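A.B. asks: Mind having a look at this structure? Questions to follow.
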Amino acid sequence: MIEMIPTPFKAFYLLPFILLGLVVGISGGWIRLGYPAIPLIEAASQHGLIMTGGFLGTLISLERAMVMAKKTWLLIPFLTGISVFAFLLGLSEVGLILLTTGSLGLSLIMHLQTLKHPKFHSALLYGGAVSWFIGNFLAWQTGLIAAGSTWWIGFLLFTIVGERLELSQFLPVPSWSQNALKSLLALFTVGLIVPFHAWGNEIMGISALLIAAWLLVFDMAKVASRKAAQFRYIGIGLQVGYLWLGIHGLILMGLGNHSLYYDLILHTFFLGFTFSMIWAHAPIIFPTIFGIRQTPYHPVLWITWTGFQLSLLGRIVSSILDEYELRKVLGVANGYLILIQFVLMAGIIIGKIMKGGTSSQSGNKIYREGRKKILH
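Reading the sequence shown from the start, the letters are residues 7 to 382 in my numbering.
Written out as structure tokens, the structure reads:
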């Protein structure tokens with residue numbers, strides 16, 4: 007019998023939308039690489055919108071809606087989730103309207119949460135939601151996905167850094183370092199606003215590189231990586247993600263004339279940085295979102311995690327060297343490894359449920375206790 011907390015039960019209704027966004031988004035990426043395993047033309051043309059909005063946006067909106075007192079806020083991730091159907095049906099404008107409305111809804115959620123908890127990490131999460139809205143609005147009004155892509159990078163960077171600050175808020179750090187991070191995030195925002203042909207990319211690049219360095223030095227990941235089992239998995243995963251953010255920054259600054267420049271900056275960030283954060287946060291965040299008592303961790307995850315990182319690194323290197331066939335092979339493998347990782351996590355949870363669970367704690371309590379163990 008599945009042991010769950012009654013309040014978050016309806017979150018499971020949105021899980022199929024998240025999974026659909028992931029599968030369709032990956033299949034669209036495969037088509038763009040020349041591997042039409044699932045021949046959905048619209049999935050290829052709307053690949054970026056589906057992955058950032060239909061999958062990642064829905065997942066993040068669900069996470070934030072779950073902490074609201076009224077569960078009617080779950081309509082926000084529902085709107086972004088069904089955008090995937092609109093894109094698949096060729097109704098791209100409808101899909102963009104759904105994403106724009108959903109991101110506006112997430113901005114409202116974060117506005118209310120920031121009023122309730124007026125801390126810097128809350129304001130940063132708020133800024134991430136607003137960045138997502140701006141990106142969606144620009145893509146909708148211009149009809150150009152590229153018009154919103156840098157703002158979607160801002161959405162995820164601000165959201166992830168905000169969540170890291172939220173999780174690490176009890177870890178003592180020098181006051182000067184906090185001010186330094188705020189300055190770097192402000193510089194990154196300037197890079198979002200300045201056009202790419204007027205040093206916008208370079209400003210984003212140097213700030214992303216320095217933010218990555220800050221996280222490597224001051225985030226609690228360095229503490230977690232010295233622990234055992236699940237916490238080591240979390241800590242090393244976070245640190246590798248920060249390295250990807252640094253690589254993203256270097257490419258922004260140094261490879262502007264490369265034929266695959268746009269592809270390189272997108273995939274070092276959205277795959278390297280963002281998915282590394284998903285894998286690392288999953289053992290703590292997923293139980294909280296879905297109200298379950300089991301954590302999706304088992305040592306077997308190291309195998310697919312390593313395969314994911316190596317295949318992505320190979321794809322990036324082959325792209326830089328213009329080895330297109332190798333880029334295709336490694337890109338396809340990378341997509342399969344993402345799917346396998348999620349299947350494994352689901353299987354781990356089901357296996358723990360079949361054995362009667364791992365504890366009698368709620369997801370929120372697991373979250374709190376996990377943070378304490380990492381810190382101590």
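For every residue, glycine included, the Cβ atom is placed at its ideal position computed from N, Cα and C.
Here the structure is a predicted model, which is why all the values come from computation and not from measurement.
(1) What are the boundary residues of the alpha helix (DSSP H) that includes residue 284?
(2) Tell me which same chain residues have a C-beta within less than 7 Å of the C-beta of residue 39, skipping the five on either side of it?
(3) Can you tell me which of the three DSSP states residue 40 falls into?
(4) Just mark residue 194 as buried or exposed, buried being the case when its beta carbon has 16 or more other beta carbons within 10 Å.
(5) Nearest to residue 225 by alpha carbon, out of 248, 307, 263, 113?
(6) Starting from residue 275, trace the alpha helix (DSSP H) in both directions and tell me its first and last residue.
(7) Within its chain, find whatever has a CB closer than 7 Å to the CB of residue 174; leave out the 5 residues flanking it on each side and keep chain order.
(8) Taking the alpha carbon of residue 345 as the point to measure from, which residue in 289, 279, 285 has its own alpha carbon closest?
(9) Sort 289, 242, 186, 322 by Cα distance to residue 257 and report the nearest one.
(10) Provide the residue span of the alpha helix (DSSP H) that contains residue 156, from first to last.
(11) Using only the alpha-carbon positions, how far apart do residue 233 and residue 330 sit?
(12) Grouping DSSP H, G and I as helix and E and B as strand, with all else coil, what is residue 122?
(13) Considering residue 323, what are the terminal residues of the alpha helix (DSSP H) in which it resides?
(14) Where does residue 178 fall in DSSP's three states?
(15) Can you list, in chain order, the residues of its chain with a C-beta nearer than 6 Å to that of residue 230? Leave out the 5 residues immediately preceding and following it.
(16) Just to confirm, is the Cβ distance from residue 270 to residue 318 under 8 Å?
(17) Report the residue from 157, 165, 268 whose alpha carbon sits nearest the alpha carbon of residue 70.
(18) Could you give the first and the last residue of the continuous alpha helix (DSSP H) run that contains residue 340?
(19) Span of the alpha helix (DSSP H) holding residue 70?
(20) Judging by CA-CA distance, which residue of 205, 290, 19 is the nearest neighbour of residue 351?
(21) With a threshold of 16 other CB atoms inside 10 Å of the CB of residue 45, please say whether the residue is buried or exposed.
(22) With 16 other CB atoms within 10 Å as the buried threshold, where does residue 155 fall?
(23) Expressed to the nearest angstrom, what Euclidean distance is found between the alpha-carbon atoms of residue 72 and residue 306?
(24) Nearest-angstrom Cα distance between residue 208 and residue 315?
(25) Examine the Cβ distances between the region 144 to 158 and the region 120 to 135 and report whether three or more of them are shorter than 8 Å.
(26) On the three-pair Cβ rule with 8 Å, is the region 91 to 107 touching the region 168 to 188?
(27) For residue 17, does the three-state DSSP call read helix, strand or coil?
(28) Would you call residue 340 buried or exposed, if buried means 16 or more other Cβ atoms sit within 10 Å of its Cβ?
(29) Three or more beta-carbon pairs under 8 Å between the region 49 to 64 and the region 27 to 35, yes or no?
(30) Exposed or buried, residue 253, counting other C-beta atoms within 10 Å across all chains shown (16 or more means buried)?
(31) If we call anything under 8 Å between Cβ atoms a contact, is residue 217 one with residue 167?
(32) Within a Cβ cutoff of 8 Å, which residues of the same chain sit near residue 36, ignoring the five residues on either side of it in sequence?
(33) Going by the CB atoms, is the gap between residue 210 and residue 198 shorter than 8 Å?
(34) Please state the DSSP three-state secondary structure of residue 299.
C.D. replies: Reading from the atomic positions:
(1) 282 to 296
(2) Spatial neighbours of residue 39 in its own chain (CB-CB distance under 7 Å, excluding positions within 5 residues in sequence) are listed in chain order as 334, 337, 338.
(3) Note: residue 40 maps to coil in three-state DSSP.
(4) It counts as buried.
(5) 248
(6) Per DSSP, residue 275 belongs to no alpha helix (DSSP H) and is neither H nor E.
(7) 225, 226
(8) Looking at the Cα atoms, 285 is the closest of the given residues.
(9) 322
(10) 152 to 173 is the extent of the alpha helix (DSSP H) around residue 156.
(11) 40 Å
(12) helix
(13) Where residue 323 is concerned, the enclosing alpha helix (DSSP H) stretches over 307 to 326.
(14) Coil, per DSSP.
(15) 237, 240, 241, 380
(16) no
(17) 165
(18) 330 to 360
(19) Taken as a continuous stretch (DSSP letters only), the alpha helix (DSSP H) holding residue 70 covers 64 to 71.
(20) 290
(21) exposed
(22) buried
(23) 29 Å
(24) 26 Å
(25) no
(26) Contact between the region 91 to 107 and the region 168 to 188 is absent, because fewer than three Cβ pairs lie under 8 Å.
(27) Correct three-state label for residue 17: helix.
(28) Only buried fits residue 340, as 16 or more other CB atoms lie within 10 angstroms of its CB.
(29) yes
(30) buried
(31) yes
(32) 42, 43, 44, 337, 338, 341
(33) yes
(34) Coil at residue 299, not helix or strand.
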